[in-house]
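4 protein chains.
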Amino acid sequence: MTVNPADSAILGGLFGTDAMRRVFADEGRLQAMLDVEAALARVEAKLGIVPQDAAEAITRAAKVANLSPEELGASTRNVGYPVVALVKQLGKAAGGDAARYVHWGATTQDILDTALVLQIRDGLALIRADVVRIARALVDRAQKHRGDLMAGRTHLQHALPVTLGYKCAVWAAPLLDDLARIDALRGRALRAQFGGAVGTLASLGDKGRAVTEGLATELGLAAPDAPWHVARDALAESASVLGILCGNLAKFATDIILLMQTEIAEVFEPHQAGRGGSSTMPQKRNPIASEYVLAAARGVHALVPMMLSAMAQDHERATGPWQSEQLALPQIFVLTSGALMHAASIAEGMTVDTARMRRNLDATHGLILAEAVMMAAARTIGRDKAHHVVEHASAKAIAERRPLGDILKQDKALDLPAAEIDRLLDPAGYIGESEAVIDRIVARARGVPSG
Amino acid sequence: MTVNPADSAILGGLFGTDAMRRVFADEGRLQAMLDVEAALARVEAKLGIVPQDAAEAITRAAKVANLSPEELGASTRNVGYPVVALVKQLGKAAGGDAARYVHWGATTQDILDTALVLQIRDGLALIRADVVRIARALVDRAQKHRGDLMAGRTHLQHALPVTLGYKCAVWAAPLLDDLARIDALRGRALRAQFGGAVGTLASLGDKGRAVTEGLATELGLAAPDAPWHVARDALAESASVLGILCGNLAKFATDIILLMQTEIAEVFEPHQAGRGGSSTMPQKRNPIASEYVLAAARGVHALVPMMLSAMAQDHERATGPWQSEQLALPQIFVLTSGALMHAASIAEGMTVDTARMRRNLDATHGLILAEAVMMAAARTIGRDKAHHVVEHASAKAIAERRPLGDILKQDKALDLPAAEIDRLLDPAGYIGESEAVIDRIVARARGVPSG
Amino acid sequence: MTVNPADSAILGGLFGTDAMRRVFADEGRLQAMLDVEAALARVEAKLGIVPQDAAEAITRAAKVANLSPEELGASTRNVGYPVVALVKQLGKAAGGDAARYVHWGATTQDILDTALVLQIRDGLALIRADVVRIARALVDRAQKHRGDLMAGRTHLQHALPVTLGYKCAVWAAPLLDDLARIDALRGRALRAQFGGAVGTLASLGDKGRAVTEGLATELGLAAPDAPWHVARDALAESASVLGILCGNLAKFATDIILLMQTEIAEVFEPHQAGRGGSSTMPQKRNPIASEYVLAAARGVHALVPMMLSAMAQDHERATGPWQSEQLALPQIFVLTSGALMHAASIAEGMTVDTARMRRNLDATHGLILAEAVMMAAARTIGRDKAHHVVEHASAKAIAERRPLGDILKQDKALDLPAAEIDRLLDPAGYIGESEAVIDRIVARARGVPSG
Amino acid sequence: MTVNPADSAILGGLFGTDAMRRVFADEGRLQAMLDVEAALARVEAKLGIVPQDAAEAITRAAKVANLSPEELGASTRNVGYPVVALVKQLGKAAGGDAARYVHWGATTQDILDTALVLQIRDGLALIRADVVRIARALVDRAQKHRGDLMAGRTHLQHALPVTLGYKCAVWAAPLLDDLARIDALRGRALRAQFGGAVGTLASLGDKGRAVTEGLATELGLAAPDAPWHVARDALAESASVLGILCGNLAKFATDIILLMQTEIAEVFEPHQAGRGGSSTMPQKRNPIASEYVLAAARGVHALVPMMLSAMAQDHERATGPWQSEQLALPQIFVLTSGALMHAASIAEGMTVDTARMRRNLDATHGLILAEAVMMAAARTIGRDKAHHVVEHASAKAIAERRPLGDILKQDKALDLPAAEIDRLLDPAGYIGESEAVIDRIVARARGVPSG
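Residue numbers (the numbering used here), protein chains in the order written: chain A, 1 to 451; chain B, 452 to 902; chain C, 903 to 1353; chain D, 1354 to 1804.
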């Protein structure tokens, strides 16, 4: 019974990808735990702590198929954690003496945390690949639309002209920094957890560190300098980094939603039969994918402070904050995968109405370029006078709904030839650094490694 | 595949009740939607808008068993909402002409919102019953432990004596206000949604209001004065009220966790074999239920601002905020049910070590009653001198680790007979309003209706 | 030195009102504390606990002007709370013996909490008045614009026609429920706090309850059944109720921002010279007031969970959560006052371009009324055929950019006379319940008491 | 009038440092803006865009003392931003022709954002220094207390022995990662903002990039590849990094609060006359500094999602989210400074009761070492039997309140000599990796650069 729509058979596909769900759902969670137990047994066998054949039996048995979900559920409901039952069932599946060597020297949280790190590793790989994919799609579009003029808007008002290519570069730029954040995070988050009850590994005598390092190597993780049972900063950073990424996607989705408005209609989500349409309102084309980007981003943002406040953990292993991480972090990964999935579909498939972009740009009859005229006139008649003249002409253009150019050409005070006025009012001549911005971002994006 | 532990077959039992999950999980969600569609058809038949036999066929067909989850999932993934596919499948199940009358005059959000209200109604009933149950258990304990002395603690330091009964009354008191909040919320939240595409019901001609009122009556809900497609205050209030309730439960759980500490060990969660124990550390008794109360409360608190920020909905029906409500509200109900479940188990089953309570109270050798002696002495020797004498004696008691009483009795400046000092240092004589507080809260709790 | 812009001499006016700032700023905070101390002294004098002339001296001295901010600040920095220094300075100002009777039987938190309740009382009065003011302005406009047609928009796409009057009614409706929330909150929040160190009032012997009730009466508050030092639900509810209110205002502001877009330009914030304009971009009219409504709402929403999580208070008086309330609640009130201030200015002063509303409505050449034609045609040619015909005509209208009416009139399959098609395509005939919604909300708003 | 306690003359000292407040308060804010305007003029003079003497006059005039707070406030309240008035006043103060060259080519947000970056730079420098200070104090203590035994606690229950030195190392470890986070953040956040109205710098013709790079160099910042008017990821990262830091401090403060409990009383905040004491309850020593660490951390954590959700900015410069950043980010820096200040005072000045630590460790009569005995016995009599014997003995020890050692020595089934049992029950022999953890963290902390 799934309450959370992100897990629902009906709604889940809108909120996250199946690939990410496989990493974080029950089966992935349990397999990651089994992988940790098996790796631990193998390392301890190498170090002579447990028998070699026990380790082999444990490794063979460490498959989710060997677990009974019913028994696991019943035990977990009673004990409060799934590890006791998992260890018992793994031992039983391994058979013979092996059972007594499962989980040797570990505490529940060692297994849960290291399993979580394995899930984070796989989750970050999926996320990083999608970020690269979106960034590349956006810089491709930046190139393609580098000359497609449209109104630049500030405070949702026409301001000055830009190009769609420039806009795509601005969407792509922060994603490149997200990649750097993800890479730095990996260095801090992909650390094994192994400390025993209070982090001291006392039950392993003088072999504690060797087991920790061996376990980390076995799983392809780093060994931490200190146990992090109660130092949850890397987990909180995982949440923050994905929160920032989702924020960047939310900016993109916000723009798409606004550009799809009936009165603007410049850029659209890729058309998909049946999506976002209305049987009774044929004129509609709803920005469904963008809406789910926003919903997912909001879901992630709500859970970030939950991870931050869960850092106030008591003593050597804590009372409660730890469980609340479980509610937040897997959900953060799944929702981020959903936001990325929708954002990628838009970045790759958006449809563009360049004619409409131009019509909208021209709809204010040249007012959007008043600044350009004023800056040019300032050079000859001085800034104050230029400002006065252009402001006056603009007011007149608005009041009379006439092109600004016509009015300016009739204005004697403005000492500019008509052809110069036409040139100044051509938006293509007033996009400044737009192409240079595109070029810089394209170059950076091309240099990003895929993996 | 369930990512969210609150929905997991393995972990779910720790985060929510099955009863609440039945209300909010996919099946409950879909059945509620079907109930709304069927009620709509019946009302429209009564008003002559759709044929009577169509309404009957729709009503008969409105069972989740008639839906195909696969088709629903596929369509939802494409369309962005489940309603289109549900209407189609319901029509098909109803057969014949009925299909064309399903969903007549409604918009997707009418169905989703009214279905959500039905779920809220059922969810609030479950929650209210649990709050009453916990409040009653706590006032029973307030009565039972009205004379059981213990240290009152402020800033986690011994302050003055209280009784466990008093503490139980203080735990119970805000729950009674929670009941009032739930009842007021019902008046605002249990309203049908019915407005068609933009809330005007234009397609129903002059019958729009009659259908709205009929639908509300049919479902046992109120009819709203205006459509609330974009006025989400009652939903945000639902989240807030449950957030406040969970806050009250978190206070209770916090105290239990602190009282169970090895060095305090006064009150314990009910013992349950296997729970909260450790195979290698037999001295341990972990406060598992309380920890899950805190985790659930934190989960709910994180989602409340998501509901608040989702209120900024645009125009007649919005882009995105609405989907994020889906992520938050069902989860809020389920986690609240989990917090209540655990809190009820503690309120009803807590074990109390009154001897230890007394030992802890006495552990500071009377210092906890320094205030009582000072207030008494102030009457005869003046407040300033009394303060000086008692402060000096207290410092001496701490330094020499001797009972404060012994030191005070030897102090000539303190003009009090030994028997009087003994009387003043008896914590039972210094609990002030404790019993009156208990009596007031018990009386209020006894007067609360169950339903 | 003010870091928070809401308190800044430069920026503060944009984030909150001076009236609210007077209630919650240092001076208001200190005066409220002095008022509580003075009331306590008077009540205790009446009950014979402290001398009458001491109470009178304390009352006379209880003015902020008698406090030294420097000494208060220095002591607070050391002690951790301002009450010790305030009591000392108040005693000194009262002179003579009075000093020893200041704060008799109270604990620091009794004073801070009751003072906060006095601030909440005054703050809620300001807020309630503004909500009434905005609701009335909106229903006035609902009446005025009841026939002014505009496009109803869902998912930011044209959907069906509405009127601006209807929109105003939908904005106003949830504010009326906010008034009910505020009134219910008053009953729970306006309670005195008085309990002494652990809430038992033991130092007052058998007079504890009488002092509590007297203090409450003296201050115009209710006496609580139990001390609420660690039951913070009413404070969290204060935050939630204002959070919901701000959510409703954010919906209003969101719509205004969207309606002011260059391409839409239907409704505007009141014009104010210099505001929201740009010296170089004369065509701009930025939605500044609405932006500050959104910023304030977001500020409030961020602080609500801080109040909720602060409910997990330990034992009889807590370690830390209490201080975090101080960071949140005053700020919530000030930001809410700012949101209300800006919303009121818009509600009262918005300018409306009804001609543009109509042009936008017509811009899709009748497509916005495709539903109306389809519903009418369904009666004669059946729903399926009607849907097919209208959908086909709509697609043609979009492709050829021709009016839907022209195409429909040429369509033989649609058995409707041209005049009937014209009638159906008249948006004025397709606004359904719009006027009835206005009437219901106006009636409710008219019935709301001002106070 | 300061509402926010973090800015209050009375309360402010408890919530933030004066040094940080100087960076972010009005004066610092305005001076940073003036610094940006002056640097811009100088760079534009170098490039021949504005006259050299104008740039010099502007630079000379760019002092807060030349601004009128009243006029700034009045203009800001009207315009919605302080930049228009600041530019006007700066021009006036510069005198002559200079006025017309102030702010050349810039947009309001260029100045506000770059000024904010200067504040972030200074704020991060203060924060980094404090983190280094705390980390060093903690590793000094880790060394000092490397042999001081105490109970390790999990779920607030005695688990196994640790040392205070180990605990200090675990507190210090995540702070070292915080330093890495701050350093990486600097690379992304310390970028100038300069783009003009829509980020294209069109008004500067072909000199836009040169001005951007010159401005960045002049201010010691990096030049961004693209304008970040609407790409707010580095700001959100600033908030997140400080949120994570505060989370680490909250863990430390939580432990201190718990260790100071009357019944535990092992480690204390540094004694300061008057702080955390109670006049009537001389036995109390409240953890005031720790409480303010928690309050500040909660304040920061509440504001992080506000920064994240503000990332959904529209088009080229946005409507509203940008203002909400102003409410959050300065406050985040100030509260973080407060948390660091209190944490540093504790790290440097904590007092330790090693005797009490030992008494508490021994209070469970050896039960805390049951695991050690069991692991030893397992080698000779097998794990199952060992477990059975030790569990039985533990239960007996608890029931009879006798030392576990006594009972074990009488147990024939346990084939261990008494001396061996004594050795196993010596906590000093069962702290495993504690010293190695200390050594690793000390080495890392020693290698951290101060700056």
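Glycine included, C-beta positions come from ideal geometry on N, C-alpha and C.
Among the residues of its own chain, which have a CB less than 6 Å from the CB of residue i, if the five just before and after it don't count?
| i | result |
| --- | --- |
| Ala1542 (chain D) | Ile1473, Ala1587, Ser1591 |
| Leu1517 (chain D) | His1498, Asp1501, Met1503 |
| Trp1006 (chain C) | Glu946, Val952 |
| Glu478 (chain B) | Val515 |
Taking Cβ to Cβ, would you say residue i is nearer than 8 Å to residue j?
| i | j | result |
| --- | --- | --- |
| Val1331 (chain D) | Gln1384 (chain D) | No answer is possible for residue 1331 (chain D): it lies beyond the span of chain D, which begins at 1354 and ends at 1804. |
| Thr1615 (chain D) | His816 (chain B) | no |
| Asp1559 (chain D) | Leu156 (chain A) | no |
| Ile783 (chain B) | Leu693 (chain B) | yes |
| Pro612 (chain B) | Pro878 (chain B) | yes |
| Gly405 (chain A) | Ile421 (chain A) | yes |
| Ala1537 (chain D) | Ala184 (chain A) | yes |
Between residue i and chain A, is the shortest Cβ-Cβ distance under 8 Å, so that the two count as touching?
| i | result |
| --- | --- |
| Glu1590 (chain D) | yes |
| His1057 (chain C) | yes |
| Gln1666 (chain D) | yes |
Looking at the C-beta of residue i, does it have a partner C-beta in chain C at a distance below 8 Å?
| i | result |
| --- | --- |
| Val1356 (chain D) | yes |
| Ile244 (chain A) | no |
Where does residue i sit, in a helix, a strand or coil, going by DSSP?
| i | result |
| --- | --- |
| Met825 (chain B) | helix |
| Met935 (chain C) | helix |
| His342 (chain A) | helix |
| Arg191 (chain A) | strand |
| Leu1554 (chain D) | coil |
| Met601 (chain B) | strand |
| Gln862 (chain C) | The requested residue 862 (chain C) is not part of the displayed model; chain C covers only 903 to 1353. |
Determine, for residue i, whether the minimum Cβ-Cβ distance to residues of chain D falls below 8 Å.
| i | result |
| --- | --- |
| Thr114 (chain A) | no |
Do we get a CB-CB distance below 8 Å when we pair residue i with the residues of chain B?
| i | result |
| --- | --- |
| Tyr1068 (chain C) | yes |
| Thr351 (chain A) | no |
| Asn1150 (chain C) | yes |
| Ala1272 (chain C) | no |
Only counting the same chain, and skipping five residues up and downstream in sequence, which positions put a Cβ closer than 8 Å to that of residue i?
| i | result |
| --- | --- |
| Val582 (chain B) | Leu626, Asp629, Leu630, Ile633, Leu696, Leu791 |
Tell me which residues share the same chain as residue i and place their Cβ nearer than 7 Å to its Cβ, disregarding the 5 neighbours each side in the sequence.
| i | result |
| --- | --- |
| Ala1347 (chain C) | Ala1037, Arg1038, Val1041, Ala1074, Leu1078 |
Note to self: Three or more C-beta pairs under 8 Å: does that hold for the region 882-897 of chain B against the region 1311-1321 of chain C?
What the structure shows: The region 882-897 of chain B vs the region 1311-1321 of chain C: no contact.
Check: Does the region 335-354 of chain A come close enough to the region 479-499 of chain B that 3 or more CB-CB pairs lie under 8 Å?
Finding: no
Note to self: With three or more beta-carbon pairs closer than 8 Å as the criterion, would you say the region 664-677 of chain B touches the region 485-503 of chain B?
What the structure shows: Taking 8 Å as the limit for Cβ pairs, the verdict is that the region 485-503 of chain B does touch the region 664-677 of chain B.
Check: Touching or not, the region 1617-1630 of chain D and the region 1646-1660 of chain D, by the rule of three or more beta carbon pairs under 8 Å?
Finding: no
Margin query: I want to know whether the region 1463-1470 of chain D touches the region 672-681 of chain B - three or more CB-CB distances under 8 Å.
Written below: no
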